[in-house]
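Residue numbers (this note's numbering): 504 to 598. Cβ atoms here follow ideal geometry from the backbone N, Cα and C, with glycine treated the same way. See structure below.
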Amino acid sequence: MSTTTRGKRRITFTLEAPEATAVFITGDFNGWDENAAPMKRTTDGLYQKILMLSPGRYEYKFKIDGRWLCDPGNPLQCDNRHGTMNSVVVVSETR
504 MSTTTRGKRR ITFTLEAPEA TAVFITGDFN GWDENAAPMK RTTDGLYQKI
554 LMLSPGRYEY KFKIDGRWLC DPGNPLQCDN RHGTMNSVVV VSETR
């Protein structure tokens with residue numbers, strides 16, 4: 504969350520998934536489009552995606568090889584309409 508551009512903040516999402524072949528991040532920031540934000544595999548089985556998000560509260564999940572998963576590195580979660588949980592990220596106002 505280091506860079507700002509026109510009121511948006513650069514948010515980096517990271518997931519350790521060494522056995523995964525395809526990882527996506529999906530949430531209300533991209534209309535829950537399962538294919539809109541593929542994550543890039545880095546070293547040691549890490550997947551990463553940088554998104555530019557406006558200030559606000561966003562719900563999201565990872566989709567790993569077709570399975571939905573909350574962000575294990577983020578304890579902030581909420582109930583969703585499917586009877587499961589979503590991860591939550593809050594993007595603060597820029598200064």
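- In its chain, beyond the 5 residues on either side, Phe-527, Ile-528, Thr-529, Asn-533, Lys-552 and Leu-554 have a beta carbon closer than 8 Å to the beta carbon of Ala-540.
- When DSSP reads this structure, Phe-565 sits in a beta bridge with Ile-528 and Leu-572.
- Remark: fewer than three beta-carbon pairs, one from each stretch, lie closer than 8 Å, so the segment 575-584 and the segment 541-548 are not flagged as touching.
- In terms of Cβ geometry, Ile-514 and Val-594 form a close pair [threshold 9 Å].
- DSSP lists no beta-bridge partner residue for Asn-583.
- Per DSSP, the beta-bridge partners of Arg-513 are Met-555.
- Separation of Arg-512 and Asp-531 (C-alpha to C-alpha, rounded to the nearest whole angstrom) is 16 Å.
- Ala-523 and Asp-568 have their C-alpha atoms roughly 6 Å apart.
- Assignment of Asn-533 by DSSP, reduced to helix, strand and coil, places it in the helix class.
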